[in-house]
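Worksheet for the structure shown next.
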Amino acid sequence: MTAKTTQTSKSAKSYDGFTEDEREAMKERAKELKSAKARGKAADGEADLLAKVAEMTGEDRVLAEGIHALVKKVAPDLTAKTWYGMPAYARDGKVVFFFQSAAKFKARYATLGFNDAASLDDGDMWPTAFALTTLTPEVEARIEALIKKATA
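Going by our numbering, the first residue of the sequence shown is number 26, and it counts up by one from there.
Have a look at this one:
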């Protein structure tokens, strides 16, 4: 084995760049942009969002379906779409918040994340992501309040 082969094998094992899951998310985002361009900006991405939710399993799917129902109830004016392969909700083309399944990046829990288009500002510091494990009536009420505040 040559020194070059050893070095290549070693660097492949200790790669410090993007994970395979992260690279896949970036590929999905590129497809979303290409698809949106082909369909035109007026196209609604709800079918894409629902297809991504249908691919999910177990609690991830239950959470995503529950969040989608809450959005339809609380903020029906938001545009459903996918964003890096995740269900997301936008206003004026800007993603306000998104759902990241636990399986997406092999995490311990799912996440409800808010982008800077959300109006969650509260002083000098505030949370922009929330871990989710199950939808209880209390959790649903908190999510509803967050959606209302984010879209105010």
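Cβ atoms here follow ideal geometry from the backbone N, Cα and C, with glycine treated the same way.
Since the model is a prediction, treat every value here as computed from it, not as a measurement.
Can you give me the start and stop residues for the alpha helix (DSSP H) that residue i sits inside?
i, result
"R133", "Unbroken run through R133: none, as it is neither H nor E."
"A79", "71-80"
"P112", "Note, P112: premise wrong, no alpha helix (DSSP H); beta strand (DSSP E) at 111-116."
"L171", "162-175"
"A89", "83-99"
Exposed or buried, what is residue i when buried is set at 16 or more other beta-carbons lying within 10 Å of its beta-carbon?
i, result
"M51", "exposed"
"S126", "buried"
"P112", "buried"
"A143", "buried"
"G148", "exposed"
"W108", "buried"
"M81", "buried"
"D146", "exposed"
"D85", "buried"
"F130", "exposed"
"F124", "buried"
"G110", "buried"
"K98", "exposed"
"K56", "exposed"
Taking residue i and residue j to be in contact with their CB atoms under 8 Å, please state how far apart those CB atoms are, rounded to whole angstroms.
i, j, result
"L88", "A135", "5 Å"
"E163", "G91", "Going by Cβ atoms, the distance from E163 to G91 rounds to 13 Å, so no, they are not a contact pair."
"A100", "E71", "At roughly 13 Å, the Cβ-Cβ gap does not stay under 8 Å, so A100 and E71 are not in contact."
"L103", "V121", "7 Å"
"R116", "T176", "7 Å"
By DSSP's criteria, residue i is part of a beta bridge. Which residues make up the other side?
i, result
"K56", "Answer is none; K56 lacks a bridge partner."
"V120", "A115"
"G138", "F123, A154"
What do you reckon, is the C-beta of residue i under 7 Å from a heavy atom of the ligand PLP?
i, result
"L157", "Among the ligands in the structure shown, none appear at all, so the ligand PLP cannot be discussed."
Can you give me the start and stop residues for the beta strand (DSSP E) that residue i sits inside?
i, result
"A105", "104-108"
"A154", "154-157"
"F43", "Careful: F43 lies outside any beta strand (DSSP E) and carries neither H nor E."
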